[in-house]
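First comes the structure, then the notes that go with it.
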Amino acid sequence: MKRLFVISGCNGAGKTTASYTVLPDILNCDEFVNADEIAKGLSPFHPESAAIQAGRLMLDRINKLIFKGSDFAFETTLATKSYSNLILKAKENGYHVTLLFFWLRSTDLAVKRVETRVKEGGHNIPEDVIRRRYVSGLKNFFGKYHNMVDEWMFIDNSGEPYEIIAHKNSVGEVIKNSGKWNQLLNSYK
1 MKRLFVISGC
11 NGAGKTTASY
21 TVLPDILNCD
31 EFVNADEIAK
41 GLSPFHPESA
51 AIQAGRLMLD
61 RINKLIFKGS
71 DFAFETTLAT
81 KSYSNLILKA
91 KENGYHVTLL
101 FFWLRSTDLA
111 VKRVETRVKE
121 GGHNIPEDVI
131 RRRYVSGLKN
141 FFGKYHNMVD
151 EWMFIDNSGE
161 PYEIIAHKNS
171 VGEVIKNSGK
181 WNQLLNSYK
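Sequential numbering from 1 applies to the sequence shown in UniProt numbering.
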């Protein structure tokens, strides 16, 4: 079966870092489409100036991979609902879709993680954008995306070790930390 992995979560949640280990080593997926990495390739010293072009190239690459029937993953904050059509298209083309959501316990932690990334040479995201994407990504996960994929895993990546809060597989939903899960549901659904 063809597989699509959606790597999601707020800015600073560790999506890219986790992807470089989880995708090839655990999920046996070696095609990772990431607009931030594309932007770095287009403009290494000012990747934010290439963000729109990188987004277009990412969508083009995703469509080509679906057409070829390749296993692949892409990264998103889920801050918009624009990927829902791509997920539906993949499912219509026989893909099994798994969504991994990396969550942080607060917007302040997300801002601090991005600040640390910038100090280490990574790309910046304005604070207001981080905070907006944090909320809209959670609302879209609970309101749209988690219902349209075959499997999902919701991971608290706020500290070490990470914690799987809940997941859904072919059997159904499994809530591992009902306190956190219910609080998130009440806040963002």
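All C-beta atoms, glycine included, are put in the ideal place defined by N, C-alpha and C.
Practice task
List the residues that DSSP assigns as beta-bridge partners of Leu-86.
Solution key: For the purposes of this step, residue 86 is taken as the residue at position 86 of the sequence shown. None, per the DSSP bridge assignment.
Practice task
Could you tell me if the beta carbon of Tyr-162 falls within a distance shorter than 6 Å of some heavy atom in the ligand NAD?
Solution key: By its list of ligands, the structure shown contains no ligand whatsoever, and the ligand NAD lies outside what it can speak to.
Problem - Selection from Met-1, Gly-14, Ile-87, Ser-8 that minimises the alpha carbon distance to Pro-161 - result: On the sequence shown, position 161 is the one that residue 161 refers to. That would be Gly-14, whose Cα lies nearest to the Cα of Pro-161.
Problem - Presumed contact (8 Å Cβ cut-off) between Phe-74 and Ile-130, rounded CB distance - result: As a first step, residue 74 is located in the sequence shown; it is residue number 74 there, counting from the start. As a first step, residue 130 is located in the sequence shown; it is residue number 130 there, counting from the start. That belief does not hold up - the Cβ atoms of Phe-74 and Ile-130 are roughly 20 Å apart, past 8 Å.
Handout entry: Cα-Cα separation, Leu-78 to Ala-90
Key = Counted from its first residue, the sequence shown places residue 78 at position 78. Counted from its first residue, the sequence shown places residue 90 at position 90. Their Cα atoms are separated by approximately 17 Å.
Problem - Between the CA atoms of Asp-25 and Glu-31 - distance to the nearest angstrom - result: In the sequence shown, the residue the question calls residue 31 occupies position 31. In the sequence shown, the residue the question calls residue 25 occupies position 25. Here the alpha carbons of Asp-25 and Glu-31 stand approximately 12 Å from one another.
Handout entry: DSSP three-state assignment for Tyr-95, whether helix, strand or coil
Key = In the sequence shown, residue 95 corresponds to position 95, counting from 1. The answer is strand: DSSP assigns Tyr-95 an E or B state.
Practice task
Compare the beta carbon distance of Lys-2 and Gly-137 with 7 Å and say whether it is the shorter of the two.
Solution key: As a first step, residue 2 is located in the sequence shown; it is residue number 2 there, counting from the start. As a first step, residue 137 is located in the sequence shown; it is residue number 137 there, counting from the start. No, Cβ-Cβ distance for Lys-2 and Gly-137 is not below 7 Å.
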